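Enquirer:
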């Protein structure tokens, strides 16, 4: 996952004039700096993580079915739908902007809050993998295995590393940008290549694989319904492709090149996940697969077979670097997004506090406390593996709530804002959006439901407790933003916030009522300010663009007026 906030903001600060066709083409050629291959690689790096491969290795060859299914019903729809939303509404806010344009600020705040909490819960799970990697940097595999399963050790690593990452993030993006850049290469790309090469070399050298081979094994055993539970976690493997959708405007021909780059990235992502999963399944017996340890034991077994056992601690350290790079990068990402929403009037002033580097210190400290509290779950549950599974599933549930809102918003906006300029559109017109968005919505809903079913593969203690924790956690985090929204106060809004109004606000309408505008938000904002300036006997802020007060606007439409935000007594978003 990557943070696209800065890119999104920069595109929102365009001028109010609309370039002619020739000018637009010339400008597109000048700004097109990303090739199809580069964008495909960016998407692969944003999505691929190796830590979840052992969970799917349990399925053997049938894991291929689940990976392909998740790509068709989730990965590709997310990529195409996010591209349309990001180019049609590139202003600050991301998913908050997209959902708010369709359903209003209440559900937009829920979507943004889901993303923030989901990432907060994601940290303990990914740091658990980092703790196991750290344990396996020793030279005695037996001691390493014992240490990796020690709950106190895992908890200590989770808390120490996360709080360290938080303090680093306090110093701003420049403090960790290089670590994030190289950490992805060193900690993900290289280890993935090593895993695949060694795993398949082991198989093709004539060794007996630990899974059943044959075409019939590609089809899952649907009679065992609980097998679908862990497969649902594949959806989160593919999460994050929407983060790079903002770059669709930087390719030469968005209509042709972006879908091609997405298909290449989707294929590359599926290949890495499938081959990496099979590499583990070839080497590690199904009965011995451990969600938090199997990746490291697979490397060690492969290295021993290849006669390079000394490389085990090295690869473990590389994986730890990848984990640390991802965590440090994402400590500041969604928290910065929530900070911008907070300043727009949706959280009290206490949560808007920033340091000299512009980082939201109170929000980030709260996030650290959430991570600490969730980390303590490792002490309560019967095993580290069980805690890992529960937190991972809760992460999936919350993230899927956000995706359900995103898919719903994309389909709804085709009808409520039909004239909105979209540099990229999901192919196929209205039917194409219904097919792509509908498949994504139903796929997300299916994974959401399956995520509540306890898996047979893992001892999670009482199944009732397992379901209760997931249902209770999901309900709490879903209701919390609704309560905060209902309690918001006008004085929460920071007068200096840079959030642009929603389109329906500028037209003085409501979410769900069809808008008439056929220009970007920046142009609408300038026209609204120009109209307000003219009515006060002052020149508008966008000369030549704003109609005079009381006169018809574009094509005989009524003049545009800004709608009051929370600080002005209204209920609309800024």
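Numbering (the numbering used here), first residue to last: 262 to 835.
Cβ coordinates follow ideal geometry from the N, Cα and C atoms, glycine included.
In this text the structure is predicted, and so the values were computed from the model without any measurement.
If you reduce the DSSP assignment to three classes, tell me which class residue 621 lands in.
Expert: One-based indexing of the chain shown puts residue 621 at position 360. Strand, per DSSP.
Enquirer: I'd like to check one pair, residue 496 with residue 335: are the Cβ atoms closer than 8 Å?
Expert: The sequence position of residue 335 within the chain shown is 74, counting from 1. The sequence position of residue 496 within the chain shown is 235, counting from 1. Between residue 335 and residue 496, the CB-CB gap stays under 8 Å.
Enquirer: Count Cβ pairs between the region 596-609 and the region 733-753 that sit closer than 8 Å; are there 3 or more?
Expert: Touching, yes, given that three or more Cβ pairs across the two stretches are closer than 8 Å.
Enquirer: Would you check if there are 3 or more beta carbon pairs closer than 8 Å linking the region 674-685 to the region 624-632?
Expert: no
Enquirer: Rounded to the nearest angstrom, what separates residue 295 and residue 302 at their Cα positions?
Expert: The residue given as residue 295 occupies position 34 in the chain shown. The residue given as residue 302 occupies position 41 in the chain shown. Going by the C-alpha atoms only, they are around 11 Å apart.
Enquirer: For residue 517, count neighbouring C-beta atoms within 10 Å of its own C-beta (all shown protein chains included) and say buried if the count is 16 or more, exposed if not.
Expert: Taking the chain shown and counting its residues from 1, one reaches residue 517 at position 256. Flag for residue 517 reads exposed.
Enquirer: Let me know the secondary structure DSSP gives residue 296 once reduced to three states.
Expert: Along the chain shown, one-based indexing puts residue 296 at 35. DSSP, reduced to helix, strand and coil, places residue 296 outside both helices and strands of the structure shown, so it counts as coil.
Enquirer: With DSSP run on the structure shown, which of helix, strand or coil describes residue 776?
Expert: Walking along the chain shown from the start, residue 776 turns up at place 515. Residue 776 falls in the coil class under three-state DSSP.
Enquirer: Quick check: residue 780 and residue 583, are their CB atoms within less than 8 Å of each other?
Expert: Locating residue 780 in the chain shown gives position 519, counting from the first residue. Locating residue 583 in the chain shown gives position 322, counting from the first residue. Not closer than 8 Å, so no.
Enquirer: Kindly indicate the opening and closing residues of the alpha helix (DSSP H) around residue 499.
Expert: Here the question's residue 499 lines up with position 238 in the chain shown. It is not in any alpha helix (DSSP H) - residue 499 carries neither H nor E in the DSSP assignment.
Enquirer: Alpha carbon to alpha carbon, how far is residue 740 from residue 211? Give it in angstroms, no decimals.
Expert: As shown, the chain starts at 262 and ends at 835. That puts residue 211 outside it, with no answer to give.
Enquirer: Indicate whether residue 577 and residue 557 have their beta-carbon atoms separated by less than 8 Å.
Expert: Here residue 577 is taken as the residue at index 316 of the chain shown, counted from 1. Here residue 557 is taken as the residue at index 296 of the chain shown, counted from 1. Taking 8 Å as the Cβ cut-off, residue 577 and residue 557 qualify as a contacting pair.
Enquirer: Measure the C-alpha to C-alpha separation of residue 426 and residue 634 and round it to an integer number of angstroms.
Expert: The residue labelled residue 426 in the question sits at position 165 within the chain shown. The residue labelled residue 634 in the question sits at position 373 within the chain shown. Using only the alpha carbons, I get a separation of about 17 Å.
Enquirer: Can you give the Cα-Cα distance for residue 756 and residue 603, rounded to whole angstroms?
Expert: Residue numbering aside, residue 756 sits at position 495 when the chain shown is read from its first letter. Residue numbering aside, residue 603 sits at position 342 when the chain shown is read from its first letter. Rounded to whole angstroms, residue 756 to residue 603 spans 12 Å at the Cα level.
Enquirer: For the region 664-680 against the region 722-739, are there 3 or more C-beta pairs whose distance is under 8 Å?
Expert: no
Enquirer: What does DSSP give as the partner residues of residue 224 in its beta bridges?
Expert: The chain is shown only over 262 to 835; residue 224 falls outside these bounds and no answer can be derived.
Enquirer: Are there 16 or more other CB atoms within 10 angstroms of the CB of residue 813, so buried, or fewer, so exposed?
Expert: Taking the first residue of the chain shown as 1, we reach residue 813 at position 552. Residue confidence is low: residue 813 scores 34 on pLDDT, short of 50, so the model does not pin down where it sits. No coordinate-derived value is stated.
Enquirer: In the DSSP assignment, find the unbroken alpha helix (DSSP H) run with residue 352 in it and report its ends.
Expert: Here residue 352 corresponds to residue number 91 of the chain shown, with the count starting at 1. Run containing residue 352: none; DSSP gives neither H nor E here.
Enquirer: Which of the three DSSP states, helix, strand or coil, is assigned to residue 520?
Expert: Walking along the chain shown from the start, residue 520 turns up at place 259. Residue 520 falls in the helix class under three-state DSSP.
Enquirer: Output the distance between the C-alpha atoms of residue 810 and residue 349, rounded to the nearest integer angstrom.
Expert: In the chain shown, counting from the first residue as 1, residue 810 sits at position 549. In the chain shown, counting from the first residue as 1, residue 349 sits at position 88. Reliability of the predicted coordinates at residue 810 is poor, the pLDDT of 33 falling under 50, and the value obtained from them is presented with this limitation in mind. Each residue's Cα considered, the two are about 28 Å apart.
Enquirer: Looking at the structure shown, is residue 468 part of a helix, part of a strand, or coil, going by DSSP?
Expert: Translated into positions along the chain shown, residue 468 becomes position 207. In the structure shown, residue 468 falls within a coil segment according to DSSP collapsed to helix, strand and coil.
Enquirer: Cutting at 6 Å between CB atoms, please list the residues of its own chain near residue 805, excluding the five before and the five after it.
Expert: Position 544 of the chain shown, counted from the first residue, corresponds to residue 805. Note that residue 805 scores 34 on pLDDT, short of 50, meaning its location in the model is unreliable and no value can be drawn from it.
Enquirer: Grab the span of the alpha helix (DSSP H) containing residue 388 for me, first residue to last.
Expert: Within the chain shown, residue 388 is the residue found at index 127, counting from 1. Start and end: 366-396.
Enquirer: Check whether the region 688-697 and the region 763-774 touch, using three or more Cβ-Cβ pairs below 8 Å as the test.
Expert: no
Enquirer: Apart from the five residues just before and just after residue 592, which ones in its own chain have a Cβ nearer than 6 Å to its Cβ?
Expert: Within the chain shown, residue 592 is the residue found at index 331, counting from 1. Hits under 6 Å: 426, 427, 430.
Enquirer: Distance check for residue 453 and residue 416, CA to CA, integer angstroms please.
Expert: Locating residue 416 in the chain shown gives position 155, where the first residue counts as 1. Locating residue 453 in the chain shown gives position 192, where the first residue counts as 1. Each residue's Cα considered, the two are about 26 Å apart.
Enquirer: If you draw a straight line from the alpha carbon of residue 597 to that of residue 620, how long is it in whole angstroms?
Expert: What you label residue 597 is simply residue 336 of the chain shown in a count that begins at 1. What you label residue 620 is simply residue 359 of the chain shown in a count that begins at 1. Approximately 7 Å, taken between the alpha carbons.
Enquirer: Please classify residue 545: does DSSP put it in a helix, a strand, or coil?
Expert: For the purposes of this step, residue 545 is taken as residue 284 along the chain shown, with counting starting at 1. Three-state result, residue 545: coil.
Enquirer: Expressed to the nearest angstrom, what Euclidean distance is found between the alpha-carbon atoms of residue 328 and residue 653?
Expert: As a first step, residue 328 is located in the chain shown; it is residue number 67 there, counting from the start. As a first step, residue 653 is located in the chain shown; it is residue number 392 there, counting from the start. Each residue's alpha carbon lies about 18 Å from the other.
Enquirer: Within 10 angstroms of the Cβ of residue 545, are there 16 or more other Cβ atoms? Answer buried if so, exposed if not.
Expert: Locating residue 545 in the chain shown gives position 284, counting from the first residue. The residue is buried, with at least 16 neighbouring Cβ atoms inside 10 Å.
Enquirer: Which value, in whole angstroms, describes the spacing of the CA atoms of residue 808 and residue 615?
Expert: Residue mapping note: residue 808 aligns to position 547 of the chain shown, counting from 1. Residue mapping note: residue 615 aligns to position 354 of the chain shown, counting from 1. Because residue 808 sits at a pLDDT of 35, beneath the cut-off of 50, its placement in the model cannot be relied upon, and the following sentence gives the value as read from the coordinates. Using only the alpha carbons, I get a separation of about 39 Å.
Enquirer: Taking the alpha carbon of residue 503 as the point to measure from, which residue in 305, 759, 731, 637 has its own alpha carbon closest?
Expert: Mapped onto the chain shown, residue 503 falls at position 242. The residue with the shortest Cα to Cα distance from residue 503 is 305.
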